[in-house]
């Protein structure tokens with residue numbers, strides 16, 4: 681079967697991959713900041729998270745605290761971004777979340793999250809599927825203008841789907857940055873929790889992306905907050 685040969689090829693290539701991609705830097709005022717200045721490093725080198733029930737799905741392994749990491753000051757409505765150390769080389773989908781916290785340095789991600797941006801695959805009813813994140817090295821998005829001022833965790837994830845035909849084989853490459861938001865409003869978005877929001881059997885996490893070509897794609901998680 682075609683899908684089995686595609687998955688087998690993906691597994692065959694795994695030993696050749698010496699480094700996965702990581703979200704290492706914030707982009708502020710159009711400039712890429714130094715690696716890990718505002719972004720929490722993980723302790724799992726560059727390996728993905730595969731268990732959506734683990735607390736590591738929040739900010740990555742070893743990143744439950746940001747002690748020693750600076751907190752970036754931004755203004756609500758600003759466009760900021762994340763930069764990677766190398767281009768994304770797996771087919772997948774991208775989501776960005778925020779969580780309001782008392783202290784961005786010590787917050788562990790157990791507070792609720794809301795989605796502010798996503799970059800899903802593009803489908804056309806089953807003829808083809810394209811992956812806008814493939815080859816990307818940076819992503820830009822606005823901080824919602826209506827959210828309250830204060831400190832936040834900013835979470836970005838790329839869900840690699842090249843092996844996701846198998847249960848618990850989707851790969852989550854993620855990082856959290858620390859923000860202090862000024863000039864905000866009074867809107868309180870609806871929140872979801874990690875772990876909890878994603879299930880291993882969600883159609884956007886357990887999916888055959890090869891054959892037949894998916895007619896559509898269901899993005900995991902809530903809708904993007906547009907306030």
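In my numbering, the protein residues as written are 681 to 907. In this text, a Cβ means the ideal position worked out from N, Cα and C, and glycines have one as well. Quick caveat: nothing in here was measured; it's all calculated off a predicted structure.
- Linking residue 719 to residue 795 through their CA atoms gives a straight-line distance of about 18 angstroms.
- Listed as beta-bridge partners of residue 779 by DSSP are 833.
- Between residue 905 and the set 779, 803, 699, the nearest pair of CA atoms involves 779.
- In the DSSP assignment, residue 736 falls within the unbroken alpha helix (DSSP H) covering 736-739.
- In the three-state reduction of the DSSP assignment, residue 822 falls in the strand class.
- Burial of residue 833 is indicated by the presence of at least 16 other C-beta atoms within 10 angstroms of its C-beta.
- If you draw a straight line from the Cα of residue 708 to the Cα of residue 805, it comes to about 38 angstroms.
- Contact between residue 706 and residue 760 holds, since their C-beta atoms are separated by about 6 angstroms, short of 8 angstroms.
- The residues 788, in chain order, have a CB closer than 6 angstroms to that of residue 744 in the same chain once the five nearest residues on each side in sequence are set aside.
- Between residue 907 and residue 826, the gap from beta carbon to beta carbon is short of 8 angstroms.
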